[in-house]
Amino acid sequence: MTNFNAIKGFIFDLDGVIADTSVYHAQAWHQLADELGVTWTAELADNLKGVSRMDSLELILKAGNLTDAYTPAEKEAYATKKNTNYLALLKNMDASAILPGIQAFLDDLVAHNYQLALASASKNSPLVLEQLGLAGYFSERVDPTKLKRGKPDPEIFTRGAELLNLPPAACIGVEDAKAGVEAINAAGELSIGIGDPTILGAAAINFNDTSELTLANIEQALN
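If you read the sequence shown in the working numbering, its first letter stands for residue 790, the second for the next number, and so on.
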């Protein structure tokens, strides 16, 4: 196990770790499903979590038996419309959407001179950070448009360590998704999984929710 004193940097996923933007994604997809005449269900909403925009659209169309009803160009237009809806909803987001304990944890990391980077696959992450008032904490952000492979490939977390000029072994990655934890591990960084330990069992350290994410708890877990 990594020595706590060897850790110099933290690399964060965004959704489900810093803030819960999934509620806004769900609202935007719900709006589109209504427009397409597809019945919105809790099961459908759950199936869309962590899935790419085009794949999410295909799942909605499949639920309404509409898989072959639209051309690729029409599908692209609907996916774009969903993102426009999502961005409009995001403008209502503020610091109240920051997950429990995260603001205090970020302040503690800065006070102890840890380096911070953001490793989010979302192209909308700069807007989200601005809305939350957290942009100043993350001067280093991996640009998802320049990545060749998505999680569980380690590329995004490897790039995060490079941005911080740190070896992977000196970094902790924080994730709430199984694929994200796998990506951190494959990058050779120490993984913290936020959420159900039966799903995130590959994480080196597991916390049930963000309120448990403190330097003291991390040090205790490593010792």
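The beta-carbon is built from N, C-alpha and C at its ideal position, and this holds for glycine as well.
Cα-Cα separation between residue i and residue j, rounded to whole angstroms
i, j, result
"Lys-912", "Asp-804", "12 Å"
"Ala-780", "Gly-826", "Since the first and last residues shown for the chain are 790 and 1012, residue 780 lies out of range."
"Ala-866", "Leu-1004", "45 Å"
"Pro-933", "Gln-816", "24 Å"
"Trp-829", "His-819", "6 Å"
"Ile-994", "Ser-1000", "14 Å"
"Lys-864", "Gly-962", "35 Å"
"Glu-919", "Tyr-926", "11 Å"
"Thr-987", "Phe-996", "12 Å"
"Ala-924", "Pro-889", "18 Å"
"Ala-900", "Gly-798", "13 Å"
Simplified DSSP state of residue i, which is helix, strand or coil
i, result
"Gly-925", "helix"
"Glu-978", "coil"
"Ile-988", "coil"
"Asn-997", "coil"
"Gly-962", "strand"
"Ala-972", "helix"
"Ala-893", "helix"
"Arg-930", "strand"
"Asp-804", "strand"
Start and end residues, beta strand (DSSP E) containing residue i
i, result
"Leu-955", "Note, Leu-955: premise wrong, no beta strand (DSSP E); not H, not E."
"Ala-906", "904-907"
Residue i: first and last residue of the uninterrupted alpha helix (DSSP H) it sits in
i, result
"Ala-815", "811-825"
"Leu-1011", "1004-1011"
Identity of the residue in the options nearest residue i by Cα
i, options, result
"Gln-904", "Leu-953, Arg-842, Met-843 and Asp-844", "Leu-953"
"Ala-992", "Ser-1000, Gln-1009 and Ala-972", "Ala-972"
"Ala-852", "Lys-864, Leu-833 and Glu-863", "Leu-833"
"Ala-910", "Thr-810, Ile-891, Ile-945 and Phe-894", "Ile-945"
"Ile-983", "Leu-1002, Ala-975 and Asn-854", "Leu-1002"
Whole-number beta carbon distance between residue j and residue i, since they are thought to touch under 8 Å
i, j, result
"Ala-906", "Glu-929", "4 Å"
"Asp-802", "Asp-965", "7 Å"
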